[in-house]
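Notes follow once the structure below has been shown.
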Amino acid sequence: MQITVNGTRHRVDADPAMPLLWVLRDVLGLTGTKYGCGTGLCGACTVHVAGRAVAACQLPVGKVSAEVTTIEGLAAGPVQDAWIAHQVAQCGYCQPGHVMAAAALLARTDSPTDAEIDAAMAGHICRCGTGPRIRAAIHHAARQ
Ligand code: FES
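If you count the sequence shown from 1, position 58 lands on 58 in the UniProt record's numbering, and the numbers rise without skipping.
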């Protein structure tokens, strides 16, 4: 099968039932997308498919019919700048998923409210407790 990731078309020899997460990490070597729970509960594996944030661990690669963007392919911009300005990352493991979710939120909402941010980030767990910094960083990015 073929999938397009970060603007590049790839021919992938994989079981169509294999989660997109493993194709990205183990077949294409794009290890920026993280494995946390494997059950759709932590958000560490979040990528964009057709611009929407999705859990790559829950999406069989055979069902991917639109372009995939991973953290490696996310254009540098206000989200990453705000993450640095607010020193969001601590251990950093979950942060690619948070950044992808934040970018998807800001692509559809110019100036999200706290409630909209909390709803968008609700499926993303950070054991370091960076939630308040993430909220501040998303507001910061929205003002750019
Ligand atoms: Fe996919 Fe946790 S690894 S949601």
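Cβ atoms here follow ideal geometry from the backbone N, Cα and C, with glycine treated the same way.
This structure is a prediction, so every number in the text was calculated from the model and none was measured.
Less than 7 Å between the CB of residue i and some heavy atom of ligand 1, yes or no?
i      : result
Ala17  : no
Tyr93  : no
Cys45  : yes
Asp41  : Residue identity check: residue 41 is Leu in the sequence provided, not Asp. Checking every heavy atom of ligand 1 against the Cβ of Leu41, one is found closer than 7 Å.
Cys126 : no
Give the DSSP-derived three-state secondary structure of residue i in the structure shown.
i      : result
Val23  : helix
Val47  : strand
Pro132 : helix
Ala55  : strand
Below 8 Å on the Cβ atoms is my guess for residue i versus residue j; work out the distance and round it to an integer in Å.
i      : j      : result
His124 : His98  : 5 Å
Val68  : Ile3   : 6 Å
Lys34  : Pro78  : About 22 Å separates the two Cβ atoms, so there is no contact after all.
Ala82  : Ala119 : Their Cβ separation, rounded to whole angstroms, is 19 Å, which puts Ala82 and Ala119 out of contact at 8 Å.
contact_flag[the region 118-133, the region 75-91] where n(CB pairs < 8 Å) is 3 or more: yes
Given 8 Å, three or more beta-carbon pairs between the region 25-32 and the region 106-115: no
Cβ contact check for the region 40-53 and the region 99-106: 3 or more pairs under 8 Å: yes
Touching by the beta-carbon criterion (3+ pairs, under 8 Å), the region 52-61 and the region 16-23: yes
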